[in-house]
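Engineer: The structure that follows is given in the form of structure tokens.
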Amino acid sequence: MSTRIEGAAARKLRLTRAACVAAVLAPMLIAYVRLVAGGWTPQGDEGLLAAKVHDVFTAHPPTMGMRSTTGVNDPSLAAHQPGPMQFYLMAPFNVLVGQNPAGILLGTLAIVAASALACLWVAHRIGGTPLLVIVTGTIVCTQALLGIDGIVRPLNPYPAAFPVLLMLLSAWGLLARRRIPAWLYVVAASFVAQANLANVVLVAAISLVLLVIGAVRLRSGIESSRFRGSVIGGAVATGVLVLVWLPSLVELWQHDPNNLEQLASYATSGGGAHIGKLDISGAVLSGLMPIPGVYAFARAVAMPSPTTASLALGAVFALAVVAVLVREVLPVVADLRAKRPARLSLVGCGCALWVFAAAAFFFSTWNIRDGFVPTYWFVALLAIVAFGWSVLLLAAWPHLLALLHRVGWLRADDLPAALAAALVAASVLVGSIGLGSYKWDDSDHARDVGAMVVGYLRGHVPAGTPVRVDGAGFLPFASLTQSMAYQLPAAGFPTYALTAWPKPEDTDFRQRDRAPKSAVRIVLIDTVDGKSAGKPPPGGIRLGQVKFHGAPDTVTTVWVA
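Residues are numbered in our numbering as their position in the sequence shown, beginning at 1, plus a constant of 49.
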């Protein structure tokens, strides 16, 4: 009888785990299929990102991250994001499907899916099946908040959402002395830091805490029983750290000034007006409750203005975590006063880490310069919120079991499986109707212009012919030339489409003024309300016009010279 019961429990556990995996993957897979079916094409910043992904397996592998906005007010401070790790992780998947937009999205999907599944594995190692189910729920909710524009979107801040959560969960496990490999934290934290400058303070702060606490434990003999494992784990983590930062280390000797020097110049410049601390602090506090009807910033273009309700609810959430932390700390203080062995509980470690992470992110926003504040700078905040809810719900889990026992609705052993099944249904609904509609006019426009240009080149010049792309007007400047920098090389034509950056960068070889004289010249010209932004090239051939559906009075004329 006992063997039969144990077998049934094991089957239930396997089904629960499988349901959690399915719930996490369903929305992102549905988003991927919808974007590919909708003809998504990289343009603007994503076009430049896709070009860097293409370059990984060429003679010009990327050594810098994406261009940043540090030089908007002062070009001498122009820098890039800290590293190109994302491009190297995406590149094999791009090659796998033949260097096309579906491959770029597949690379993003691989990063997002792998980090989300790693979150489930770490959660189970930390808190067993209850935390596994809880983290599954927070990941599904995060995908619902991001919507179809954010789940598998390759723009560098978005794929870092679940790596941030993985970083926090791994740090939690390490602090709570669970068997979490240190290299996993290193990979997640490195990806997060390289993805966006806005994340650097958060990563540095948590990494410093782990290093200090780890050093204290080794010095005091707390880890003496696992010293050999700790040394080996530390050596592996160090090797992984060097590997994932290797391109950025190479770049230190590649350019003068290098990107690290430019980032240091920006960090110490102090130039430019900053957003008011109360204004940005209110946005962060409101962002702790990022739900529709309160402060749904994730799908907005710029951070919305906080309301009284959003500030109040954000404060309630923060105070709830602090209250649980105080409850967990008091017994530790009592033990220390009585000179008894003291150790902070699992929930206490999680609450302490959340408070520290939230404070680090909070204070890092005080350095944001005045101007447009896009929501993608705050994607990490969604992961911080998901982590906070995971800790709070784990703290509430015993009380929920006690409540179910009193009312007799469900056996305690059946709760994880029931919740996992409900999350599968919820995730399918999120993927089907909760992600919002796909409508990217810029992407559609870039796809149509690219199809026209590639079609002409394949029909009139041999593969490998160099191409120079010039433009006049807003769309060629902000969207189309970057898209051509990806689409044309992917079609087999070396392309020179980028304008000069204020400082040396790893895509200098793509600058249009470096095109050979034999290059075919493509010229893209906007016409708005009948007024052309530029003159056609002398003797040029007009390939056609593409109407921009985002503004019916705007068309782009494609010329070849």
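Glycine included, each C-beta is placed from N, C-alpha and C at the ideal position.
Keep in mind the model is a prediction, meaning the values are calculated, not measured.
#1: Just curious, the beta strand (DSSP E) that G520 is in, first and last residue?
#2: Starting from V382, trace the beta strand (DSSP E) both ways and give me its first and last residue.
#3: Can you name, in chain order, every residue of its own chain whose Cβ lies under 8 Å from the Cβ of L223, other than the five neighbours on each side?
#4: Using a 10 Å radius around the Cβ and a threshold of 16 neighbouring Cβ atoms, would you call G281 buried or exposed?
#5: Tell me whether V161 is buried or exposed, calling it buried when 16 or more other Cβ atoms sit within 10 Å of its Cβ.
#6: Can you give me the C-alpha to C-alpha distance between L312 and V289, rounded to a whole angstrom?
#7: Can you tell which of T424, A369, A58 has the C-alpha that lies nearest to the C-alpha of G199?
#8: Give the range of the alpha helix (DSSP H) segment to which W438 is assigned.
#9: Does H129 come out as helix, strand or coil in the three-state DSSP assignment?
#10: Under 8 Å, with one C-beta from each stretch per pair, do the region 543–557 and the region 573–586 reach the 3-pair mark?
#11: In the DSSP assignment, the beta strand (DSSP E) including L573 goes from what residue to what residue?
#12: Where does Y487 fall in DSSP's three states?
#13: Return the first residue and the last residue of the beta strand (DSSP E) that Q594 is part of.
#14: Figure out for me which residue from P179, A475, Q135 has the closest Cα to the Cα of A72.
#15: Measure the beta-carbon distance from A605 to L529 and round it to whole angstroms, keeping in mind my assumption that it falls under 8 Å.
#16: Would you mind reading off the limits of the alpha helix (DSSP H) that contains T603?
#17: Determine which residues share a DSSP beta bridge with L547 and list them.
#18: Identify whether K580 lies in helix, strand or coil by the three-state DSSP scheme.
#19: Look at the alpha carbon of L145 and the alpha carbon of R226, and state the distance between them as a whole number of angstroms.
#20: Rounded to whole angstroms, what's the CA-CA distance from V350 to D94? Just pull it up for me.
#21: Is there contact between the region 127–142 and the region 81–93, where contact requires at least three CB pairs shorter than 8 Å?
#22: A600: which of D493, V375, A466 sits nearest, CA to CA?
#23: Buried or exposed for F106, please, with buried defined as at least 16 other CB atoms from any protein chain shown within 10 angstroms of its CB.
#24: Candidates A140, R266, S164, A495: which alpha carbon is nearest H598's?
#25: What separation, rounded to the nearest whole angstrom, lies between the Cα atoms of L393 and L246?
#26: In the DSSP assignment, the alpha helix (DSSP H) including A638 goes from what residue to what residue?
Structural biologist: On the basis of the data shown:
#1: For the purposes of this step, residue 520 is identified with residue 471 of the sequence shown, where counting begins at 1. Following the DSSP letters along the chain, one finds G520 inside the beta strand (DSSP E) bounded by residues 516–521.
#2: If you number the sequence shown from 1, residue 382 lands on position 333. In the DSSP assignment, V382 falls outside any beta strand (DSSP E) and within the unbroken alpha helix (DSSP H) covering 357–386.
#3: Locating residue 223 in the sequence shown gives position 174, where the first residue counts as 1. The residues are I229, A231, Y234, L259, G263.
#4: Your numbering for residue 281 matches position 232 in the sequence shown. The identity of residue 281 in the sequence shown is Ile, whereas the question assumes Gly. With fewer than 16 Cβ atoms within 10 Å of its Cβ, I281 is classed as exposed.
#5: On the sequence shown, position 112 is the one that residue 161 refers to. Burial is judged here by how many other beta carbons sit within 10 angstroms of a residue's own beta carbon; V161 has at least 16 and is buried.
#6: For this step, residue 312 is matched to residue 263 along the sequence shown. For this step, residue 289 is matched to residue 240 along the sequence shown. For L312 and V289, the distance between alpha carbons rounds to 23 Å.
#7: Numbered from its first residue, the sequence shown carries residue 199 at position 150. Checking every option, the nearest Cα to that of G199 belongs to T424.
#8: On the sequence shown, position 389 is the one that residue 438 refers to. Element bounds for W438: 428–456.
#9: Along the sequence shown, read from residue 1 onward, the residue named residue 129 stands at position 80. DSSP, read as helix, strand or coil, puts H129 in strand.
#10: no
#11: For the purposes of this step, residue 573 is taken as residue 524 along the sequence shown, with counting starting at 1. Start and end: 569–577.
#12: Walking along the sequence shown from the start, residue 487 turns up at place 438. The answer is coil: DSSP assigns Y487 none of H, G, I, E or B.
#13: As a position in the sequence shown, residue 594 is number 545, starting the count at 1. Taken as a continuous stretch (DSSP letters only), the beta strand (DSSP E) holding Q594 covers 590–596.
#14: One-based indexing of the sequence shown puts residue 72 at position 23. A72 has its Cα closest to that of A475, out of P179, A475, Q135.
#15: Mapped onto the sequence shown, residue 605 falls at position 556. Mapped onto the sequence shown, residue 529 falls at position 480. In the sequence as displayed, the identity of residue 605 is Thr instead of Ala. Rounded, the Cβ-Cβ distance is 7 Å, consistent with contact.
#16: Working through the sequence shown from its first residue, we reach residue 603 at position 554. Careful: T603 lies outside any alpha helix (DSSP H), inside the beta strand (DSSP E) at 603–609.
#17: Here residue 547 corresponds to residue number 498 of the sequence shown, with the count starting at 1. The partner list for L547 (beta bridge, DSSP) reads Q560.
#18: Numbered from 1 along the sequence shown, position 531 holds the residue referred to as residue 580. Of the three classes helix, strand and coil, the one that applies to K580 here is strand, per DSSP.
#19: Numbered from 1 along the sequence shown, position 96 holds the residue referred to as residue 145. Numbered from 1 along the sequence shown, position 177 holds the residue referred to as residue 226. Roughly 39 Å separates the two Cα atoms.
#20: Numbered from 1 along the sequence shown, position 301 holds the residue referred to as residue 350. Numbered from 1 along the sequence shown, position 45 holds the residue referred to as residue 94. Each residue's alpha carbon lies about 15 Å from the other.
#21: no
#22: Looking up residue 600 in the sequence shown gives position 551. Nearest of D493, V375, A466 to A600, Cα basis: D493.
#23: Translated into the one-based positions of the sequence shown, residue 106 becomes position 57. Exposed.
#24: Counting from 1 along the sequence shown, the entry for residue 598 is found at position 549. Minimum Cα distance to H598 is reached at A495.
#25: For the purposes of this step, residue 393 is taken as the residue at position 344 of the sequence shown. For the purposes of this step, residue 246 is taken as the residue at position 197 of the sequence shown. So the alpha carbons of these two residues sit roughly 32 Å apart.
#26: In the structure as shown, the chain starts at 50 and stops at 610, and residue 638 therefore has no counterpart that could be examined.
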